[in-house]
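Asks:
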Amino acid sequence: MEFFRISRDIPFMRHALIFNIFSFVTFALAVFFLLTRGLHLSIEFTGGTVLEVEYTQTANLEKTRAAVDKLGFGEVQVQNFGSSHDVLVRLPVRANIKQADVAPLVFGTLCAAEGGTVAIKAYTSPQGEQVSRPSCSTPAGVEPLKLSRTEFVGPAVGDELASDGAKALAFVVLGIMAYLAIRFEWKFSVAAIIANLHDVIIILGFFAFFQWEFSLAVLAAVLAVLGYSVNESVVIFDRIREGFRKFRKLDTPQVIDHAITSTISRTVITHGSTQMMVLSMLLFGGPTLHYFAVALTIGILFGIYSSVFVAAAIAMWLGVKREDLVKAGGKEQDPNDPNAGAVV
Amino acid sequence: MNRYPWWKYTILALALLIGLLYTLPNLYGEAPAVQVSSGKATLKVDASLVPRIEKTLAAAGLQPDFVQFEAGSVKARLRSTDEQIKAKDAIAKALNPDPADPSYIVALNLLSRSPHWLTALHALPMYLGLDLRGGVHFLMQVDMKAALTKKAESTAGDLRTLLRDKNIRHTGIARDGDLVVVRFREQAVLAQAQKLLAEVMPDMDWTATPDGAEFRLTGGLKPVAARAVQDGAIKQNITTLHNRVNELGVAEPVIQQQGSDRVVVQLPGVQDTAKAKDIIGRTATLEVRLANTSAEAMEALRGSGPVPFGSEKYLERDGSPIIVFRQVILTGENLTDAQPGFAGDTPGEAAVHLTLDAKGARIFRDVTRENINKRMAILLFEKGKGEVVTAPVIRSEIGGGRVQISGRMSTAEAADTALLLRAGSLAAPMEIIEERTIGPTLGADNIAKGFASVGYGFAAIAVFMCGYYLLFGVFSTLALALNLLLLIAMLSMLQATLTLPGIAAIALTLGMAIDSNVLINERVREELRGGASPQAAINTGYERAFATILDSNITTLIAGLALLAFGSGFVRGFAVVHCLGIMTSMFSSVMFSRGLVNLWYGGQKRLKSVSIGQVWRPAGSPAVGLDLSADLAAGLAPDGAAARPPQAPAATPSTKR
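From first to last, the protein sequence lines stand for chains A and B. Per the working numbering, the first sequence starts with residue 1, numbered consecutively. Per the working numbering, the second sequence starts with residue 1001, numbered consecutively.
1) Among B:Gly1259, B:Ser1114, B:Lys1195 and B:Thr1273, which residue has its Cα nearest to the Cα of B:Asp1065?
2) Going by beta-carbon coordinates alone, are B:Val1571 and B:Ile1506 separated by less than 7 Å?
3) From the DSSP output, in three-state form, read off B:Ser1621 for me.
4) Give the interface partners of A:Phe309 over in chain B, defined as CB-CB distance under 8 Å, in chain order.
5) Mind pulling the alpha helix (DSSP H) runs of 4 or more residues that sit fully within the segment 80-165 of chain A?
6) Within this structure, are the beta carbons of B:Ser991 and A:Asn196 separated by less than 7 Å?
7) Residues in the same chain with beta-carbon distance under 7 Å from A:Gly116, minus the five sequence neighbours each way, listed in chain order, please.
8) Who are the Cβ neighbours of B:Leu1047 in its own chain at under 7 Å, not counting the five residues just before and after it?
9) Please report the residue range of the alpha helix (DSSP H) in which A:Arg241 lies.
10) Answer with yes or no whether the minimum CB distance from B:Thr1556 to chain A is below 7 Å.
11) B:Ser1629 to B:Tyr1601, Cα distance in whole Å?
12) Does the beta-carbon of B:Asp1337, which I'm using as the reference point, lie nearer than 6 Å to any heavy atom of the ligand COA?
13) Nearest-angstrom Cα distance between A:Pro287 and A:Gly82?
14) If you measure from the beta carbon of B:Ala1623 to each beta carbon in chain A, is any gap under 7 Å?
15) Considering only the beta carbon of each residue, do B:Ala1092 and B:Val1034 sit closer than 7 Å?
16) Under 8 Å Cβ-Cβ, which residues of chain B neighbour A:Tyr179?
17) Note down, in chain order, each residue of its chain lying with its Cβ closer than 7 Å to the Cβ of B:Glu1214, except the 5 sequence neighbours on either side.
18) When the cut-off is 7 Å and only beta carbons count, does B:Met1512 lie next to chain A?
19) According to the Cβ coordinates, are B:Glu943 and B:Ala1513 closer than 7 Å?
20) According to DSSP, simplified to helix, strand and coil, what is B:Pro1321?
21) Quick one: grab the DSSP three-state call for A:Tyr291.
22) Of the residues B:Glu1296, B:Tyr1028, B:Ile1438 and B:Glu1312, which one's Cα is nearest the Cα of B:Gln1327?
23) My guess is that A:Phe345 and A:Phe309 are in contact by the Cβ rule of under 8 Å, so how many angstroms apart are they, rounded?
24) Cβ closer than 7 Å: which chain A residues qualify as neighbours of B:Thr1437?
25) To which residues of the same chain is B:Ile1432 closer than 6 Å at the C-beta, ignoring the five residues directly before and after it?
26) For chain B, find out if any of its Cβ atoms is closer than 7 Å to the Cβ of A:Phe292; answer yes or no.
27) Quick check: the segment 310-319 of chain A against the segment 186-203 of chain A, are at least 3 beta-carbon pairs closer than 8 Å?
28) How many angstroms separate the CA atom of B:Ala1191 from the CA atom of B:Asp1203?
29) Counting along the chain, where does the alpha helix (DSSP H) carrying B:Trp1006 start and finish?
30) Any idea what DSSP makes of B:Gly1220, helix, strand or coil?
31) Please list, in chain order, the chain B residues whose beta carbon lies closer than 7 Å to that of A:Arg266.
32) Give a yes or no on whether 7 Å exceeds the smallest Cβ distance from A:Asp9 to chain B.
33) Could you please tell me which residues of the segment 1261-1291 of chain B, in chain order, have their CB closer than 8 Å to any CB of chain A?
34) What does A:Gly286 reach in chain B if we use C-beta pairs closer than 8 Å?
35) Measure the alpha-carbon distance for A:Val153 versus B:Ala1496 and round it to whole angstroms.
36) Provide the residue(s) that pair with B:Met1376 in DSSP beta bridges, ordered along the chain.
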């Protein structure tokens, strides 16, 4: 089977302006939402405490929220996590209470709200490992809720992570630009990085618009996408260079059109395969991997778009010409000069 | 042209073999075990405990798979949880005659079920991270400023003693942050002091400044020395934490330095953070006392009399009792350092060198002068119980705060003693800045979810590749499988910790790795479309695709390295797997899949077609002499595709094996 049966080059570059306007609008929207709504950063960045509690019955969020509110932590988030039995409680950093004591305190309060008391339970798992954990039990001997996970991050750690994240992003951008500049030419390197940063901003824009939680995992996904979708641009640039060498009669937009057309099949199939894997994570990976997979999905979809329609178009606007890539000697010429073409 | 020399096949076979071998231990799962570790700081578990435990188990009628000493504890693997409990009881009874004061900690544990010959090859399973196994994670920040302040404090004390001994008159010594300031009335005295200090304290930088009518000498640690103090502080804190954590009887505690001033503590299986924090935060105290050698005390030692009033009986590390006075001469606060080394007077003899601060040195000099030829005892108190670390005889008056303990000591014993003396306290206070607990059920759930993601994703890719590229798709899938195998094998070899982000990275890496094979297959198809002969198409297809594959992998690697360099903990796990995966994918998708193709097609001289799915050719392009069999998949192509020529099925020379 063969999905793509294209007999003539598709004139992508004829519509370059439209694509660029579309890109610019989405980009502007993403920036707008980032500025107005901001990212909903996870406690890894902001510092704070998270508790994940599993109720035996369907969790009553209102009751849980009321119980936690009484502790006076200020802005507390209580929400379902994964299933209706699991509840995630997120608490901000407070100066007047020691962070390390927050999680036991909140668990104790939630347990009391269900009419139970917290005690340390030690037992041996069926595999034969000793486990001891704080457990909540009512006088009737029922365990109404279980503590699945707690996490507490000090504010200093959070600041550091944010700055490390920014550094990592800068490193990736500069590294890729340098590599492409050496491998191809600066115009390509600028085009590729603009196209792919545009992906990154759009991913962030989605996270800002929907107020999805932006965690370290999402940051890792964003950076992985950045490295990955640059691939796409590299493949197309490779073909453009080859086209300049092979088809001496075609002008720049035609060469670009040919490069994109001849790689479109590979582009869609590769991204499709990667997307299958990501989809599998989205479906089976559970709540922990959810936003990681979401970020990858958006990144992959926009990655196809941007490397096909944006990167090449920017390279064209920047005035990529045969002489930049094919070291054929001869005098320098302006490709936009209508009188210059005849000499080639 | 599509043949590999034999050595290339050998490399491939070897890679496959190593991949299988090192992946294997991960498949065996875990078996119940009993772990015995030291319950007291003064007791060291070593290989000599193994026969004792073997004997105990044999006496109880239990047959362990093996009993072995590893990393400070003895582990015995058993067949079932029933036997495990029995074994635990038997060992606890034999090793701890007094259950109220256990010398050994006997804990239930899990050990890999992989057979002995694999372990002998160092083929060990990956270590499961806390998010997959359940447990508690602490990130602790060491207060380095406090370590430096403490050092400055002790320097100020030393200085006071030194200047008094040398009769250099000053008008005051004070600590100002990390600096030590000495005031002098006359510049000549200052110069004299400066000369002396430059000689005696080579670690410090001294600067003289006039201060009103007086002169000031300010000293600060040289950057190298300050770093050494900080390194020493964090090392000592880690040692102390190790000693304390051992007591929890945790299977495989992880205590590692992270960055310059942080320590990660991970305790699998523990959910009780309160107890863990209590144990980690506890302080042991060190005391120096004099031994009571009176007649009554000697009688008490023989067991024929009561312990004299004002004295107490303690046990030495070898088990012999000693009577010491209750009066405390010095505490651990006065001890600034303890290092193993060699005795100055008798070459080759092991010794422990103690450094006392100025106050301690003064007291120590007075006490030793009055008690020559008597014994003193250094005791370590933990959980309210004391134990004698060492009880040397005082040979002469010791001044200057530098004490040497030597005699009847091996180098290993000297090292242990020094460690114990230092273990008394933390070199600098620590604060928990990050804490994470993961319940055991959540961990199991995470494993299942992670594996499901990789499994289904892999299956989907495999089905698609085989359907779209036929035999070449099968080769690609096999290459992808080898990639997974090599990745797991490498992670096992590195003894990396597998976490949920790590599994996600495996999934993502596989999803991205297939890119290389798609590139190759598309190139081969394109060459066929251009009219190349099958053999030539394979060759040029692989060759041309390689440059692109290299480029794209390098850009991905740049992103991976950035994550590795700037990420911590969570992200780093992701980055390690991602970077390794890129490397293995280069090998498997290019070299291994080419090997398979060569093996299958390389020998056929008059190869007419290859099974790479349908190769569609635009109408009017030159058809080559390939068989024109109807492609079963042709009908699946999107109907009415704009570019599809009307007579496509008939005019489409498809290649099929």
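Yeah, the Cβ is synthetic: ideal placement off N, Cα and C, and Gly gets one too. It should be emphasised that the depicted structure is a prediction, and the values quoted were computed from it without experimental measurement.
Replies: Checking against the coordinates, here is how it stands:
1) B:Ser1114
2) no
3) Its pLDDT being 49, under 50, B:Ser1621 is placed unreliably by the model, and the measurement read from it follows with that caveat. The answer is coil: DSSP assigns B:Ser1621 none of H, G, I, E or B.
4) In chain order: nothing, as chain B lies at least about 18 Å away.
5) 99-113
6) Residue 991 of chain B lies beyond the stretch modelled for chain B, which goes from 1001 to 1657, so this question has no answer here.
7) Cys136, Ser137, Thr138 and Pro144
8) The displayed chain sequence assigns Ala, not Leu, to residue 1047 of chain B. Around B:Ala1047: Phe1069.
9) Leu216 to Lys246
10) yes
11) Its pLDDT being 38, under 50, B:Ser1629 is placed unreliably by the model, and nothing is read from it.
12) Of the ligands one can find in the structure shown there are none, so the ligand COA has no counterpart to examine.
13) 5 Å
14) Bear in mind that the predicted position of B:Ala1623 carries a pLDDT of just 44, short of 50, making it too unreliable to give a figure here.
15) no
16) Ile1554, Thr1555 and Ile1558
17) Thr1171, Arg1183, Phe1184 and Arg1185
18) yes
19) This structure gives no information on residue 943 of chain B, because the portion of chain B shown stretches from 1001 to 1657.
20) strand
21) helix
22) B:Glu1312
23) Given that chain A is displayed from residue 1 to residue 344, the structure contains no residue 345 of chain A and the question cannot be resolved.
24) Arg149 and Thr150
25) Phe1138 and Met1140
26) yes
27) yes
28) 18 Å
29) Trp1006 to Thr1023
30) strand
31) Val1518, Leu1519 and Glu1522
32) no
33) Gly1269, Val1270, Gln1271, Asp1272, Thr1273, Ala1274, Lys1275 and Lys1277
34) Asp1445, Asn1446 and Lys1449
35) 24 Å
36) B:Leu1290
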